[in-house]
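Residue numbers (this note's numbering): 2 to 203.
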Ligand code: GAR
């Protein structure tokens with residue numbers, strides 16, 4: 002079973018959805034550790050309730066390389082094989098990405114490369130796109146820019162508010178992230194330049 006390290010900064014609903022998928026047997030993985038850069042992250046409560054090992058490694062006032070070194074150490078201690086960013090609101094250094102080559106993934110609430118960065122759903126509403134969505138991608142040292150593994154489209158309705166659209170995108174995030182992890186666990190995912198190729202299930 003693939004050992005996951007889940008990095009969070011806040012609510013933790015994507016972490017919860019991954020954990021749920023494991024609990025119902027849809028995802029063959031184990032969450033080895035949850036790491037938050039904020040002690041106040043609500044997701045830590047979910048980890049505590051479920052008995053999942055968790056650590057807070059505060060990021061404030063620490064140099065990026067040094068911080069990433071601390072996180073890498075913790076991930077190694079827990080023998081993590083795949084790092085899943087789930088609302089982890091920090092850019093990773095090149096040395097972090099190199100420590101886990103093609104083994105760091107992220108979920109982002111837009112159809113990348115549209116609307117990278119903060120408040121992706123708000124950017125989509127303000128731009129007036131008709132199709133929004135979410136993306137699971139490999140992480141490189143740039144913002145929301147690595148090769149794309151899976152995307153799910155979400156239509157924008159005329160009556161949508163930022164809240165209603167964000168809620169529908171989040172629902173799709175919760176169904177998309179564990180599917181991407183399962184494909185990686187089944188060793189069906191390979192990276193060819195910017196393209197990710199997914200082979201058929203056995
Ligand atoms: C999610 O919508 C995730 O896609 C987004 O933060 C939210 C975290 O929610 N991530 C990014 O914007 C990364 N660029 P959660 O803590 O409930 O999973």
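Cβ atoms here follow ideal geometry from the backbone N, Cα and C, with glycine treated the same way.
Practice problem: For the beta strand (DSSP E) containing residue 55, list its first residue and its last residue. | Solution: As a working mapping, residue 55 is identified with position 54 in the chain shown. That run of the beta strand (DSSP E) goes 55-57.
Quiz item: DSSP state of residue 5, grouped into three classes?
Solution: Looking up residue 5 in the chain shown gives position 4. The answer is strand: DSSP assigns residue 5 an E or B state.
Self-check item: Coil, strand or helix - residue 65 by DSSP
Solution: Taking the first residue of the chain shown as 1, we reach residue 65 at position 64. Looking at residue 65 - three-state DSSP - the assignment turns out to be helix.
Quiz item: What is the C-beta distance between residue 150 and residue 197, in whole angstroms, given that I count them as a contact (C-beta under 8 angstroms)?
Solution: In the chain shown, counting from the first residue as 1, residue 150 sits at position 149. In the chain shown, counting from the first residue as 1, residue 197 sits at position 196. About 5 angstroms separates the two Cβ atoms, so the contact holds.
Exercise. Measure the C-alpha to C-alpha separation of residue 88 and residue 174 and round it to an integer number of angstroms.
Key: Position 87 of the chain shown, counted from the first residue, corresponds to residue 88. Position 173 of the chain shown, counted from the first residue, corresponds to residue 174. Roughly 11 angstroms separates the two Cα atoms.
Exercise. Determine, using beta carbons only, whether residue 166 and residue 157 come nearer to each other than 8 angstroms.
Key: Walking along the chain shown from the start, residue 166 turns up at place 165. Walking along the chain shown from the start, residue 157 turns up at place 156. Their beta carbons are under 8 angstroms apart, which means residue 166 touches residue 157 by this criterion.
Quiz item: Can a CB atom of chain C be found closer than 8 angstroms to the CB of residue 123?
Solution: No chain C is present in this structure, which holds just one protein chain.
Quiz item: Does the Cβ-Cβ distance between residue 178 and residue 15 come in under 8 angstroms?
Solution: The count along the chain shown starts at 1 and reaches residue 178 at position 177. The count along the chain shown starts at 1 and reaches residue 15 at position 14. Cβ distance < 8 angstroms, so residue 178 and residue 15 count as in contact.
Quiz item: Taking Cβ positions, are residue 106 and residue 137 nearer each other than 8 angstroms?
Solution: Within the chain shown, the letter at position 105 stands for residue 106. Within the chain shown, the letter at position 136 stands for residue 137. In contact: residue 106 and residue 137 (Cβ atoms closer than 8 angstroms).
Quiz item: Which first and last residues belong to the alpha helix (DSSP H) in which residue 84 is found?
Solution: By one-based count along the chain shown, residue 84 stands at place 83. Note, residue 84: premise wrong, no alpha helix (DSSP H); beta strand (DSSP E) at 83-86.
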